[in-house]
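Only one structure is covered here, and it is reproduced in the block below.
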Ligand code: ADP
Ligand code: MG
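Numbering (the numbering used here), first residue to last: 28 to 728.
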């Protein structure tokens, strides 16, 4: 269990319904928005506070219509000149408004004429704010966000933060809820080095939150507030890394590998020969396991490089002296797939693998828990469910974390702490340049699987304008009729998970209709069982096209899928595109990948897609990405395990990470057990960021 939360934070860890104006129903809606996978509802006050805006809209009043810029939000004081409200029919209501500089149209589709006339009486002055467009040479705003009489001008926010929303939740209600949460903030002591805070001109933590949620703060103030919060998260992350390193070296490890006889059995049963890289990495891990020090090793292997087999061999090694192993994956779908693969791989060695996710309940769950506790289950495979308090191992020798960047350092710690002296293997398919590995993970051993199985055929990759969608669907139809299988990845829609979903459902309907074929659909808001069923239909071929929302859902291995189509490829990060493409080209058939983009593309966007077309080497792609976009994106800050992502902060610069690392090192040097005043304040930070588990290391001594 994590260290006790100090009382001062209690108001922030109550359910949101403890706030005035929030009832059970709103609490439910807020929970859908705020609760991340692996956490339990209801959403708490702190979750609301840490729900940061993804953009800020400047609504300050423009001097005149001459300052209107199509494609941006504008606010103007205008006179209502004429209301055209066609009776009947489906024509929109158009209101002509203007000032000395000119006029514009306010357009209402499906509007009620009475309402429009009441809001905008002819001859009256109104403050109007909304997205300005140019349509047939005329300026217009469709459905203004604000229409206010001049005496209500103060209701127009100057700097309006824009938040991700969810169905049934308006921006207005969310803002009110956040305001209530802000007033619950207790005064907090400073946990950062005061000299650093002063030098950077940063506000305190509570003030920083108030500023980023504020309707009036200047851009400069917001920038400093975000920088402060960014430093807070990276500082906590680096501190947790430093603490876990201390744990790793302070307590003796144990010798965890035997003579190789079980690993040999696993290897002998493989239907293929290991690649040179797999052999090398296998040996590196075996040597680590055999050493009395604890292993902390990062295994980087490009997608399709065959990390799972390497994990299976390590698990077999750990079992040779009676130790258990656990592999934790970020999603239910991945955990299930790993469980199936590992069960088959480990079976020849007589080792039992069992699955544990949030879905194993009742008797099944009991059986797994007791098997892990008495050691009859050698290998556990699961999701966050593995680190829940009720899970006990007889002797966890090896902890493996797949897609490790999706987990926070506290979760990694929580898994290793299930064992007395467990070794840790972190796996990632996101190739990260060496310089970043160092600043990100600190001093950790790293292995690279830099060679793909020789049987792999190159994937023919092309970029195509979305204009050609019709052709693409026709050709897809022909390919599917020949028995081929295709993934169709839907665009990322930044605003909210709901719009992602809508886009996917729309595409799913559209493809099913045009192809006249069963098409499967997976998206993040499906129940796990529905996801499994959809995946299974695709795997079995009952549906030969799979429409999917995000990268998350396709971390899967369907060897006979040969076509990957990515819609709005320009919206994805390079490493995401590379990962997605890696889902095909796994079998013996030639594969292809189509990057559908919305033109015209800017120079950088074009260059980015060209990189994917030109190479399949993940490390080259990572280096190019670094060159084209800066380091931040590589860390996949939108992924949940990365500090900063919780707060949806902009990608960090190397300087941010390094400053945080130096600050963390210094802090630990000065006060190794964080017992001083500053140490106690830092404990508050850990709790606020849901990293309480990091403190257990201290308590464990
Ligand atoms: P990743 O590194 O992306 O996790 P996987 O472990 O899922 O890759 O492996 C991808 C596919 O390649 C699997 O179907 C696996 O069975 C296969 N594979 C792994 N190693 C080899 C090998 N040495 N030769 C041929 N196929 C292999
Ligand atoms: Mg994998």
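C-beta: ideal position from N, C-alpha, C; glycine also.
Helix, strand or coil: which one does DSSP assign to residue i?
i	result
residue 515	strand
residue 32	coil
residue 544	coil
residue 248	helix
residue 330	coil
residue 505	helix
residue 611	coil
residue 43	helix
residue 191	coil
residue 552	coil
residue 684	helix
residue 56	helix
residue 415	coil
residue 583	coil
residue 96	coil
residue 602	helix
residue 641	helix
residue 434	coil
Look at residue i and residue j and say whether their C-beta atoms are less than 8 Å apart.
i	j	result
residue 549	residue 456	no
residue 114	residue 184	no
residue 321	residue 448	yes
residue 145	residue 123	no
residue 71	residue 36	no
residue 622	residue 488	yes
residue 491	residue 617	no
residue 441	residue 720	yes
residue 400	residue 386	no
residue 598	residue 507	no
residue 638	residue 601	yes
residue 325	residue 283	no
residue 249	residue 84	no
residue 398	residue 422	no
Taking just the CA atoms, how far does residue j sit from residue i?
i	j	result
residue 8	residue 96	Not covered by the structure: residue 8. The range shown for the chain is 28 to 728.
residue 335	residue 365	8 Å
residue 634	residue 642	12 Å
residue 628	residue 319	55 Å
residue 45	residue 233	19 Å
residue 731	residue 165	As displayed, the chain neither begins before 28 nor continues past 728, which places residue 731 out of reach and without an answer.
residue 118	residue 551	37 Å
residue 374	residue 717	38 Å
residue 73	residue 198	18 Å
residue 514	residue 645	20 Å
residue 545	residue 528	19 Å
residue 404	residue 158	59 Å
residue 585	residue 438	29 Å
residue 76	residue 236	7 Å
residue 343	residue 393	24 Å
residue 17	residue 140	Any answer about residue 17 is impossible in this case: the structure gives the chain only from 28 up to 728.
residue 56	residue 67	14 Å
residue 222	residue 229	10 Å
residue 294	residue 647	31 Å
residue 369	residue 190	41 Å
residue 340	residue 355	16 Å
residue 443	residue 388	24 Å
residue 612	residue 620	9 Å
Give me the residue from the options with the minimum Cα distance to residue i.
i	options	result
residue 120	127, 133 and 108	133
residue 162	131, 173, 185 and 145	131
residue 511	685, 101 and 591	591
residue 177	159, 496 and 102	102
residue 503	478, 538 and 518	538
residue 306	609, 543, 600 and 478	478
residue 536	564, 575, 508 and 567	575
residue 481	333, 699 and 605	333
residue 410	186, 483 and 357	357
residue 543	704, 505 and 309	505
residue 680	258, 450, 126 and 323	258
In chain order, what residues of the same chain lie with their CB nearer than 6 Å to the CB of residue i, ignoring the 5 residues before and after it?
i	result
residue 670	Annotation note: pLDDT 44 at residue 670 (below 50); position unreliable, coordinate value reported separately. Only 260, 261 and 264 meet the Cβ criterion.
residue 98	none
residue 328	334 and 476
Note down, in chain order, each residue of its chain lying with its Cβ closer than 7 Å to the Cβ of residue i, except the 5 sequence neighbours on either side.
i	result
residue 59	193
residue 562	360, 549 and 583
Apart from the five residues on each side of it in sequence, which residues of its chain come closer than 8 Å, Cβ to Cβ, to residue i?
i	result
residue 204	43, 46, 48, 49, 53, 57 and 75
residue 412	383, 384, 385, 387 and 418
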